[in-house]
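FYI, UniProt numbering numbers position 150 of the sequence shown as 150, with every residue one higher than the one before it.
Glycine included, every Cβ here is placed at the ideal spot set by N, Cα and C.
Contents: one structure, followed by commentary.
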Amino acid sequence: MDTPREREIAAEDSIKVVCRFRPLNDSEEKAGSKFVVKFPSGGDDNCISIGGKVYLFDKVFKPNATQDKVYSEAAKSIVSDVLAGYNGTIFAYGQTSSGKTHTMEGVIGDPNKQGIIPRIVMDIFNHIYGMEENLEFHIKVSYFEIYMDKIRDLLDVSKVNLSVHEDKNRVPFVKGATERFVSSPEEVFDAIEEGKSNRHIAVTNMNEHSSRSHSVFLINVKQENLENQKKLSGKLYLVDLAGSEKVSKTGAEGTVLDEAKNINKSLSALGNVISALADGNKTHIPYRDSKLTRILQESLGGNARTTIIICCSPASFNESETKSTLDFGKRAKTIKNVVCVNEELTAEEWKRRYEREKEKAARLKGKVEKLESELSRWRQGETVTPDEQVNLVEGPEMVVSVVAPVEVKGTDGPMPAIPGGGLMAGSLSNEERQKLEEERERLYQQLDEKDEEINQHSQYLEKLKEQLEEQEELIASARRDYEHLQQEMSTINQETESAKEEVKEVLQALEELAVNYDQKSQEVEIKNKEHEALTEELLSKQTSLNNTISELQQLRDMSTHQRKRTAEMLSNLLKDLAEIGLAIGGDETLKNQIPTDSNGKLEEEFTVARLFISKMKSEVKNLVQRCQGMETFQNESHKKISENEKELADCRLLISQHEARMQTLTESMKEAEARKRALEDDVDSLREECAKLKAAEQVQAVSDKENAEEKEAATKMRVALEEQMDQLRDVHHRQVSTLRDEISEKQETISELKDLNQKFTLAHQQMQADYERLKQEEAEKSVKLQELIQMNERREQARKDLKGLEDTVAKELQTLHNLRKLFVQDLQVRIKKSANAEDNEDDGGSLAQKQKISFLENNLDQLTKVHKQLVRDNADLRCELPKLEKRLRATMERVKALETALRDAKEGAMRDRKRYQYEVDRIKEAVRMKNLARYKYIYFYLITVREHVFFFKFHNYILFIYCRRGPSAQIAKPIRAGQHNVGGVNAIRTGNRENERKSTFADEKRMIPEMDLIYNSYT
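Below is the structure:
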């Protein structure tokens, strides 16, 4: 149970008021406003003069004051107060565009321009890091705004119109505001940035970023001394008020006007509270007139050390607002707060104080008894000497506390009338006087006995009341614990059921993944077979292409040889024609000397020439047809090669896709396996908690019912259980070592598989690079092929030209043949006439023949030039063709090598895939067997606590556990009920602390796996 908050002796503390003036802004300088504020030279930076009136504050900051100076002299001292257990408040007040937000927030992250809030956050953590290492801190922050007189949470925008309530100590707080635990300045700054992004701002004539709401940033610091368990708590309110506005200056309209009305209304309520507190004669303080004053109730006249920063404009344009702000600060300076330390005492501290008061009461009781004895002696008429009298000088409060009970006793008892003066004593006889004395003594004795009896009964009654209260508290705590345990058990059962369902879903998902994996493996095998068939077909096509290329080479060689033979025959023919021309154009003496049998020889030579030319024409036609057929076949082969290459690229792409899919499936299987293990661990922990709770219930029941004999039997069983726990501990260590070895083997297997996968990935990348290079070479070959096609076209054109020349040559040969006939006839006539008329020869025929012969010689020269050009072109083509064929053969060899490497890589991948599938099946089987065996055993977590001994009775078994907890975190971000904490417990130490000895059985909450706990039955 939480102990009540103990407040020490309170002390009055005045509110600290500082004043800060900003420089003139651009709009004020353009409007011609003057600097109306004066800073007296002898004021020691704590007074200000405006309009002839002097104002005195704790500190006055001039316009050139830096952010660091303002923080150091106005707010830095509150950090140590908050960490010492006091409440603190800092808020900025002033008109709009006076620099309040700049003073409180500034530019977060800029060392020179950041304001009070980021600097104070850094200082808080720096102080914590420098404090004693036996302190533990819990820090949480809240951030909300008061907009349109409604409280809105800036850390959760869904929370609007929050209400203000009071706790048991009548301290106001905002109910439902988000409280975020933090453990570093960065987390605080993240919360501030998140809140700033949700805050309302608007643009007015006086400020481009005018705050339209009052923002409150609350830092709650709780600390605990781990040595004496002393707890302190402090709250720090950092308030950025919206500025008071004049509608005539800001030009507010619509929603901005409504915001301005609510801002001025809340600031007016704040001014009324300040005035009422400053007056001192008013009994009612109007805190409830506004939610702003309700939240700041403790800061204004309550338990907090408050600093008010009044921000002012020095311009003459805002002189009236500046005076109003200074008057507000002057009134606030007269307010006094009653501050005290917020301390929460522990049970040990209460006990020490009780013992101290008990000793004090015993001393007072002894003194009261001495006083009563002295009083009885005085009543008996004895005289007590000053040495024997009780000394009451030790403390006047003791005298008051002692005298009061004596007066009560005297009034409650039947106090007899004490015989008075000497006249009454003289009128009585000695016997009567003696009887009266005896009666008085007897009555005094009875009175003392009654007083003692009353005291005894009172003490006994107080003891009974205390025991009754203790029993009621124990009963109430037991009821609460029982209800809490019941709730936890129901929650744990629900979580267990949900965890079982999740495990079933995970197992189903794993089975589906396994089925999908098998299907994909089959598809990959089918695709591999198809790829192998395509590869074989490609090889056959490549072989046929090589054969075709070799045949084409042979045909080209034959064509070249035929062309040479044709050229030689043409050259011989031309030589013969030239010789004939020379013979025809020679001297008459030579003509006369020609024998008659030369005509027959010339006819035979012309006949052979004609036959050879016709044979050459037929052979050229056949060669052209065969070349065309070979080119057509070559084009078809190239088309088939391109189609096969496309199919090969598609197969490679499909293989890469399947490999990526297999990798994805493998990763998903690993994730599912990890999730399954995590769920199994959660289920085991929940079962252990259920077992622990049931054991606690049974221990509670056993503790109420067991008698002394059962306790003796339990002590006997404890010794036996210790021996069994030692044996189980050894078994546990052996099993843990075995499991660690298995885990290391699995890790090695996984690393090997990763290495193989990496190798395959590198091989695939290399093949991809080779494919790109081959693709580029193929493009180059395509360009070369286009060039060869163009050259072939030029060759065809030359062939056609050669055909035309051959026709021309044939015609010329026919003309020569006709001329030969004419020449022979003319020669015969001349021979006949030579005998008769040698001197009268007709020269006309020889002249005509000479002209024809010269014409034929010119034609032969042209034909010779064209033939030489054709021979040169053909020689160039023959030189280029071997190089291209060599490149083509190298390319085909490279393709064959790559296909062989691809086939080897696929075979290796298939082997590795089979081995991986075997490992996966084996792991699945092991997991399945483990899951089947898991439900046959009982699992326990040994929870780390401080040094305690647990003695559980669990289903007729006794469990005896001793464990020890290590050191606690120093600045903790605790896990709160009902709030999800992603990172767990985020702990930061305030100092370097030597690690203590860890728990022997509960190191890192490790589970004892599959241990069959066999204990002697206890009934």
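query: Near Leu152, which residues of its chain fall below 6 Å by C-beta distance, leaving aside the five closest residues on each side in sequence?; result: The question names Leu, yet the displayed sequence has Arg at residue 152. Contacts found: Glu145 and Val160.
query: Is the separation between the beta-carbon of Val338 and that of Ala84 shorter than 8 Å?; result: no
query: Does the segment 309-317 touch the segment 17-32, meaning 3 or more C-beta pairs lie closer than 8 Å?; result: yes
query: Do you know how far the Cα of Glu919 is from the Cα of Phe137?; result: 50 Å
query: Write down the C-beta distance between Glu179 and Ser142 rounded to the nearest angstrom, noting that I regard them as a contact closer than 8 Å.; result: 5 Å
query: State the DSSP-derived secondary structure class of Thr178, mapped to helix, strand or coil.; result: coil
query: Going straight from the alpha carbon of Leu226 to that of Ile124, what length do you get?; result: 20 Å
query: Tell me the DSSP secondary structure of Ile308 in three-state form.; result: strand
query: Can you give me the Cβ contacts of His693 inside the same chain, cut-off strictly under 7 Å, excluding the 5 residues immediately before and after it?; result: Note on identity: in this sequence residue 693 is Leu, with His being the wrong assignment. Excluding positions up to five away in sequence, the list reads Leu485, Glu488 and Met489.
query: Taking the straight line between their C-alpha atoms, what separation do you get for Asp68 and Asp289?; result: 36 Å
query: Out of Phe217, Gln747 and Asp327, which one is the CA nearest neighbour of residue 1020?; result: Summary: the structure shown does not reach residue 1020, with the chain confined to residues 1 through 1019, and so no result is reported for it.
query: Can you look up Met1007 in the DSSP assignment and give me helix, strand or coil?; result: Residue confidence is low: Met1007 scores 37 on pLDDT, short of 50, so the model does not pin down where it sits. Its coordinate-derived value is still stated next. Of the three classes helix, strand and coil, the one that applies to Met1007 here is strand, per DSSP.
query: If you compare alpha carbons, which of Asp801, Lys222, Lys676 and Lys865 is closest to Lys930?; result: Lys676
query: Measure the alpha-carbon distance for Gly94 versus Arg363 and round it to whole angstroms.; result: 60 Å
query: Check the C-beta distance from Arg913 over to Ser521 and give it rounded, since I have them as a contact under 8 Å.; result: 7 Å
query: Cutting at 7 Å between CB atoms, please list the residues of its own chain near Lys59, excluding the five before and the five after it.; result: Val18, Asp45, Asn46, Glu73 and Ala74
query: On the CB-based measure, 16 or more other CB atoms within 10 Å of its CB, does Arg20 come out buried or exposed?; result: buried
query: Rounded to whole angstroms, what's the CA-CA distance from residue 1058 to Glu472? Just pull it up for me.; result: The question about residue 1058 has no answer here: the residues shown for the chain are numbered 1 through 1019.
query: Starting from the C-beta of Leu679, find all residues in its chain whose C-beta is less than 7 Å away, skip the five residues before and the five after it, and write them out in chain order.; result: Ala499, Glu502, Val503 and Val506
query: Looking only at DSSP bridge pairs, what is Lys676 linked to?; result: BP columns for Lys676 are empty, so no partner.
query: If Phe217 sits next to Ile117, beta carbons under 8 Å apart, how far is it from one beta carbon to the other, in whole angstroms?; result: 6 Å
query: May I ask you to report which of helix, strand or coil DSSP gives Pro386?; result: coil
query: Excluding five sequence neighbours on each side, which residues of the same chain lie with their C-beta closer than 8 Å to the C-beta of Thr548?; result: Met630, Phe633, Gln634 and Ser637
query: Based on DSSP bridge pairs, tell me the residues matched to Glu723.; result: BP columns for Glu723 are empty, so no partner.
query: Let's see if you can read the secondary structure: which residues bound the alpha helix (DSSP H) around residue 1035?; result: Residue 1035 lies beyond the residue range present for the chain, which begins at 1 and ends at 1019; the question has no answer from this structure.
query: What residues in its chain sit with their C-beta under 6 Å from that of Gln223, if we drop five residues either side in the sequence?; result: Leu135, Phe137 and Leu232
query: For Lys800, does the count of other Cβ atoms within 10 angstroms reach 16, so buried, or fall short, so exposed?; result: exposed
query: Leaving aside the five residues before and after Ala242 along the sequence, list all residues of the same chain whose C-beta is less than 7 Å from its C-beta, in chain order.; result: Ser211, Arg212, Ser213, His214 and Ile263
query: If the criterion is Cβ atoms closer than 8 Å, does the pair Lys235 and Gly51 meet it?; result: no
query: Alpha carbon to alpha carbon, how far is Leu686 from Asp921? Give it in angstroms, no decimals.; result: 30 Å
query: If contacts are defined as beta-carbon pairs under 8 Å, then Leu881 and Arg556 qualify, I think. What distance do you get, rounded to the angstrom?; result: 7 Å
query: Can you look up Ala361 in the DSSP assignment and give me helix, strand or coil?; result: helix
query: Can you give the beta carbon distance from Asp240 to Glu105, rounded, assuming they're within the 8 Å contact cut?; result: 7 Å
query: Asp681 and Lys336 - do their beta-carbons sit closer together than 8 Å?; result: no
query: Buried or exposed for Phe35, please, with buried defined as at least 16 other CB atoms from any protein chain shown within 10 angstroms of its CB.; result: exposed
query: Distance, Cα to Cα, Ser782 vs Lys886?; result: 15 Å
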